[in-house]
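Notes to accompany the following structure.
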Amino acid sequence: MSDSIKNQAVIIGVGEITEKLAAGTIGREPAALIAAAAEQAIADAGVEVERLKSTISAFTVINQMGWPYKDIAGVAAGKLGISGAECDESPVGGNMPTLYLTEAAKQVQSGAQKAVVISGGEATASLMAAGKLQQRPDWTPPAESKPRPKKADFFHPEALKYGLNMPVDVYPLYDNAIRAAWGQSYAEAQRESGEIGANMAAVAAENPNAWMGKPLSAEDICQPSEKNRMVVHPYTKWMIANPVVNQASACIVTSYETAMALGVAEDKLIYIGSGVGGAEPRDILSRSGYTEAHAMSAVLQRTLAINGVEGEPDLVELYSCFPCVPKLAKKALGLSGDKPLSVTGGLTFFGAPVNNYMGHAIVAMVRAIRAGRGENGLLYGNGEFVTKHHAVMLYGQPVAGGVENLDLQAELDANYGNVPEVLPQYEGTSTIESYVVWYGRDGAPERGTVICRVASGKRHLAAVNCAQTLALLISDSREAVGAEGVCQVGDDGLNYWQAQ
Numbered sequence: 001m002s003d004s005i006k007n008q009a010v011i012i013g014v015g016e017i018t019e020k021l022a023a024g025t026i027g028r029e030p031a032a033l034i035a036a037a038a039e040q041a042i043a044d045a046g047v048e049v050e051r052l053k054s055t056i057s058a059f060t061v062i063n064q065m066g067w068p069y070k071d072i073a074g075v076a077a078g079k080l081g082i083s084g085a086e087c088d089e090s091p092v093g094g095n096m097p098t099l100y101l102t103e104a105a106k107q108v109q110s111g112a113q114k115a116v117v118i119s120g121g122e123a124t125a126s127l128m129a130a131g132k133l134q135q136r137p138d139w140t141p142p143a144e145s146k147p148r149p150k151k152a153d154f155f156h157p158e159a160l161k162y163g164l165n166m167p168v169d170v171y172p173l174y175d176n177a178i179r180a181a182w183g184q185s186y187a188e189a190q191r192e193s194g195e196i197g198a199n200m201a202a203v204a205a206e207n208p209n210a211w212m213g214k215p216l217s218a219e220d221i222c223q224p225s226e227k228n229r230m231v232v233h234p235y236t237k238w239m240i241a242n243p244v245v246n247q248a249s250a251c252i253v254t255s256y257e258t259a260m261a262l263g264v265a266e267d268k269l270i271y272i273g274s275g276v277g278g279a280e281p282r283d284i285l286s287r288s289g290y291t292e293a294h295a296m297s298a299v300l301q302r303t304l305a306i307n308g309v310e311g312e313p314d315l316v317e318l319y320s321c322f323p324c325v326p327k328l329a330k331k332a333l334g335l336s337g338d339k340p341l342s343v344t345g346g347l348t349f350f351g352a353p354v355n356n357y358m359g360h361a362i363v364a365m366v367r368a369i370r371a372g373r374g375e376n377g378l379l380y381g382n383g384e385f386v387t388k389h390h391a392v393m394l395y396g397q398p399v400a401g402g403v404e405n406l407d408l409q410a411e412l413d414a415n416y417g418n419v420p421e422v423l424p425q426y427e428g429t430s431t432i433e434s435y436v437v438w439y440g441r442d443g444a445p446e447r448g449t450v451i452c453r454v455a456s457g458k459r460h461l462a463a464v465n466c467a468q469t470l471a472l473l474i475s476d477s478r479e480a481v482g483a484e485g486v487c488q489v490g491d492d493g494l495n496y497w498q499a500q
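By full-length UniProt numbering, the letter at position 287 of the sequence shown is numbered 287, and the numbering carries on one by one without gaps.
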């Protein structure tokens, strides 16, 4: 065995669980789902179980948000009978599965770890069922967990003041801005979102672990209906990730040498290439604009370059919490129009177990490459509010060179564009840079928030509550981005904007 191959990082086993609940039941806790997925991954490796368990030196869980554990990785490892492994839980972010996969590859390649489990899961469907049944789940007693990020620590006060504090509030800023920047009509942009969603729904329909496994047409997805109401402009329900699931995944990473010593069959091995990561400013008002995610573009392009990929990867998984993410990623990669963007099924149709969707994407990509659907695959994850980005390549054959996990942050920060000053109060004319409109359950627009530019280039935010201006913002024939209007400060101290 040559030194060039014996230290190569490989995935030897994958597993996943999707637990759909019968009426009147609550289901398993997250740690139990994770343990079950890891048990599948151990079995998938096809070797003596106890020997493999004794080889596992680290057990990592992607940040779990539904139930508070002091040490969820330790609880899950204990359920599996794994002792002595380093147990850890990642920070928040949908980019964490690919980031931790790449770090695990580096660790086994260097000899710092023998074998690493990367796992994750959520039981949000169980928690909703428990709430409806007015029962407390009989799970591991809740304990103080790792501190969660506080929005007040990284959101601009003006964003919080005008209701921009959840993903569903922020992602529309990008979709509305890129529609205008790319010269699309509202119908064209919605159609593109619908086609992306329909392709992912078709993949999910073939995936037995999908939460919602039924095909939908582009029209089903982009046209509002009784079952597909408008939520925020320009999103219908079926354009938005579904986090109310019981799902868990796991994969096992080790070196080629260890895999051979364990007796893993060669056709099980999936080789891990290099990864790249970087982030946008966490404060959404500290971004230079909403027509591109600079960190995303840099991360994706550098991932192909560092792995020596010429042209398109054979297979791709582009994060898809909202349509703007795969749209921007597809553009950054220069993918052809008919390229499938998911091997898993997308966060709406496969399911979105909060931070761990890409854990399931790793499983799906491994299975796709093993099945001969491609020789390589790109996995791209996005975290928070178009904020954190990480991508990595997987291969069906050994790769040249060692695994790198390149952090672009210093480079990104040094070359970031000019960020406009935000004016807390403003009176006068201004132009819409981007916006969001929230709908009521009856399908009618209720209120809006605009981000505007003034003549000096500075920004201000403003509320929109007049019917005429709301009609402009949701118009399917007039583009609101770039529209001029007048801002005035109300008696409550808030800015209010009306179209001219």
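Idealized CB from N, CA, C, for every residue including glycine.
* Asked: In the structure shown, what three-state DSSP assignment does H233 receive?
  -> For the purposes of this step, residue 233 is taken as residue 233 along the sequence shown, with counting starting at 1. Reduced to three states, the DSSP call for H233 is coil.
* Helix, strand or coil at Q301 [DSSP, three-state] -> For the purposes of this step, residue 301 is taken as residue 301 along the sequence shown, with counting starting at 1. Three-state DSSP puts Q301 in a helix.
* Start and end residues, alpha helix (DSSP H) containing D169 -> Working through the sequence shown from its first residue, we reach residue 169 at position 169. It spans P167 to A181 - the alpha helix (DSSP H) in which D169 sits, taken as one unbroken run.
* Do V276 and R302 come within 7 Å of each other at the CB atom, strictly closer than that value? -> For the purposes of this step, residue 302 is taken as residue 302 along the sequence shown, with counting starting at 1. For the purposes of this step, residue 276 is taken as residue 276 along the sequence shown, with counting starting at 1. Contact flag set, yes.
* Check each candidate in S320, G402, N165 and Y426 and name the one with the smallest Cα separation from N7. => Residue 7 sits at position 7 when you count from the first residue of the sequence shown. With distances taken between Cα atoms, N7 lies closest to G402.
* Within 7 Å, strictly: CB atoms of T55 and K114 -> As a first step, residue 55 is located in the sequence shown; it is residue number 55 there, counting from the start. As a first step, residue 114 is located in the sequence shown; it is residue number 114 there, counting from the start. A contact, by the Cβ cut-off of 7 Å.
* **Proximity winner among L379, R373, N415 and A371, relative to H360 (alpha-carbon distances)** => For the purposes of this step, residue 360 is identified with residue 360 of the sequence shown, where counting begins at 1. It is L379 whose Cα lies nearest to the Cα of H360.
* Between I270, L262, A123 and P142, which lies nearest to V244 when the distance is taken from Cα to Cα? -> Along the sequence shown, one-based indexing puts residue 244 at 244. If we check each option's Cα against that of V244, A123 comes out closest.
* Distance between A205 and K227 (C-alpha atoms, nearest Å) -> The count along the sequence shown starts at 1 and reaches residue 227 at position 227. The count along the sequence shown starts at 1 and reaches residue 205 at position 205. C-alpha separation (whole angstroms): 18 Å.
* Identify whether W211 lies in helix, strand or coil by the three-state DSSP scheme. => The residue you call residue 211 lines up with position 211 of the sequence shown. Correct three-state label for W211: coil.
* **Uninterrupted alpha helix (DSSP H) stretches inside the region 64-88 (no shorter than 4 residues)** => 72-80
* Do A259 and V10 have their C-beta atoms within less than 7 Å of each other? -> As a working note, residue 259 is residue 259 in the sequence shown. As a working note, residue 10 is residue 10 in the sequence shown. Cβ atoms of A259 and V10: closer than 7 Å.
* To do: Identify whether residue 508 lies in helix, strand or coil by the three-state DSSP scheme.
  => Nothing can be reported for residue 508: it is not among the residues displayed for the chain, which extend from 1 to 500.
* beta strand (DSSP E) segment containing N246, residue limits -> Locating residue 246 in the sequence shown gives position 246, counting from the first residue. Segment N246 to S255, the beta strand (DSSP E) holding N246.
* Alpha carbon to alpha carbon, how far is F155 from V47? -> Numbered from its first residue, the sequence shown carries residue 155 at position 155. Numbered from its first residue, the sequence shown carries residue 47 at position 47. Answer to the nearest angstrom: the Cα atoms are 49 Å apart.
* Asked: Under a Cβ-count criterion, where at least 16 other Cβ atoms within 10 Å of its own Cβ denotes burial, should P313 be classed as buried or exposed?
  -> Start at 1 with the first residue of the sequence shown, and residue 313 comes out as number 313. P313 comes out buried.
* Asked: Taking just the CA atoms, how far does V75 sit from V325?
  -> Taking the sequence shown and counting its residues from 1, one reaches residue 325 at position 325. Taking the sequence shown and counting its residues from 1, one reaches residue 75 at position 75. Going from the Cα of V325 to the Cα of V75 covers about 34 Å.
* To do: Look at the Cβ atom of A352, then the Cβ atom of N242, and state whether they are nearer than 7 Å.
  => The residue given as residue 352 occupies position 352 in the sequence shown. The residue given as residue 242 occupies position 242 in the sequence shown. Yes, Cβ-Cβ distance for A352 and N242 is below 7 Å.
* Asked: With a Cβ-Cβ cutoff of 7 Å, do residue 501 and T18 count as a contact?
  -> The structure shown has nothing for residue 501, since the chain only spans 1 to 500.
* Please state whether DSSP places A480 in a helix, a strand or coil. => Along the sequence shown, one-based indexing puts residue 480 at 480. Reduced to three states, the DSSP call for A480 is coil.
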